[in-house]
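A.B. asks: The working numbering applies: residue 224 is where the sequence shown begins, and numbers increase by one.
Think of the CB as a built atom: it goes at the ideal place given N, C-alpha and C, for glycine as much as any other residue.
Please read all numbers here as calculations on a predicted model, not as lab measurements.
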Amino acid sequence: MSIFRLTACKTLVLLSLISVVGFSQSGRMMGVLPFHNEGNSRNDWVSRGIDEVLYNKLSEINSLSVYERETFRRILKSADVDVSNGVDARKAFSVGKSTGIEVLITGKYKVESDNLSLTFQMINTYTWASFYDETFTGPLSDIFLFLQKGIQKGIDIMQVSISPEEMRAQREDIIQKLSAGLISPVDAMQIMNPDLDPIEAKQELERIRAERAQYSI
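#1: Within 10 Å of its beta-carbon, does Tyr290 have 16 or more other beta-carbons around it, so buried, or fewer, so exposed?
#2: Which of helix, strand or coil does DSSP assign to Glu434?
#3: According to DSSP, what are the bridge partners of Leu355?
#4: Any chance you could list the alpha helix (DSSP H) runs of at least 4 consecutive residues sitting entirely within the region 310-341, in chain order?
#5: Roughly how many angstroms lie between the CA atoms of Glu427 and Ile284, to the nearest whole one?
#6: Would you kindly check if the distance between the Cβ of Gly323 and the Cβ of Gln344 is under 7 Å?
#7: Exposed or buried, Ala312, counting other C-beta atoms within 10 Å across all chains shown (16 or more means buried)?
#8: Just curious, the beta strand (DSSP E) that Arg251 is in, first and last residue?
#9: Counting along the chain, where does the alpha helix (DSSP H) carrying Leu277 start and finish?
#10: Using beta-carbon positions only, say whether Gln413 and Ala403 come within less than 7 Å of one another.
#11: Applying the 10 Å Cβ sphere with the 16-neighbour rule, what's the burial state of Ala411?
#12: If you pair each beta-carbon of the region 296-314 with each one of the region 265-282, do three or more pairs fall below 8 Å?
#13: With a CB to CB cut of under 8 Å and the five nearest residues on each side skipped, what residues in its chain are close to Ser317?
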C-alpha cells in the first residue's frame with residue numbers, strides 16, 4: 224500500500240473513531256447517502272470513510288440535524304428506494320416524502336493509483352434539484368480537504384448560521400490538523416475561505432506573512 228493511501232486511511236480511521244453517535248435534534252434536516260465507487264472494488268473502504276467524516280463534521284453544526292444513519296437506511300429499504308447507483312428526481316422526492324429530509328448529500332469517487340476524483344453533491348428533496356455539485360481531483364491523501372471544502376461550500380449556499388463557538392471549534396480543528404501535518408497552510412486557508420482556489424490561497428498567505436513581517440520590524 225502506498226504512503227498516500229496509508230495517510231488517507233489513517234485519517235479516515237481516526238475520524239471514524241471520534242465520530243459522535245448522537246446528532247442535533249433541531250435545524251434543517253439532512254441525510255447522507257453512501258458515495259458510489261466507480262472504480263476498483265478494493266477501494267470500497269473509501270466510501271465508508273467518507274460516510275464517517277461527513278456524519279462527524281455535520282454533527283458539529285447545531286443549526287443542522289442529521290438523520291441517524293441506520294434508521295435512514297432501514298426507511299429507504301422499507302420504502303423500496305434504491306440509491307446504490309445515484310439519486311434522480313423521483314428518488315429524491317421519495318426520500319424527502321419518506322423521511323422529511325430536506326437536503327441529501329451524496330456523490331461518487333474513483334481511485335486510480337494514488338489519485339482521487341471525488342464528486343460532492345447536495346440535492347434539495349423538495350425541488351428535486353442539485354444546488355451544489357463539484358468534482359475535486361488530486362492525491363488520495365487530500366480526501367479530508369475535499370470533503371471539508373464540500374461541506375463548507377454547501378453550508379455557505381444554504382446560508383446556514385454558525386455560532387461563534389462553532390466557528391472557533393472549526394478553526395481549532397484546522398489548526399490541530401495543520402500542526403499534525405495532515406493539511407498544508409494552503410489547504411487550511413482554502414478550508415477557511417472556500418471561494419479561494421489554490422493559487423489565490425497561496426497569494427493570500429504570502430500577503431498575510433508580508434504584513435506580519437512588516438509589523439515585526
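C.D. replies: Taking the geometry as given:
#1: Label assigned to Tyr290: buried.
#2: Three-state result, Glu434: helix.
#3: Before going on, a small fix: residue 355 reads as Tyr here, not Leu. According to DSSP, Tyr355 bridges with Met345.
#4: Correct list: 312-322.
#5: 27 Å
#6: In this structure, Gly323 does not lie closer than 7 Å to Gln344 by Cβ.
#7: exposed
#8: 251-255
#9: 268-281
#10: no
#11: buried
#12: no
#13: Result list for Ser317: Ala302, Val304, in chain order.
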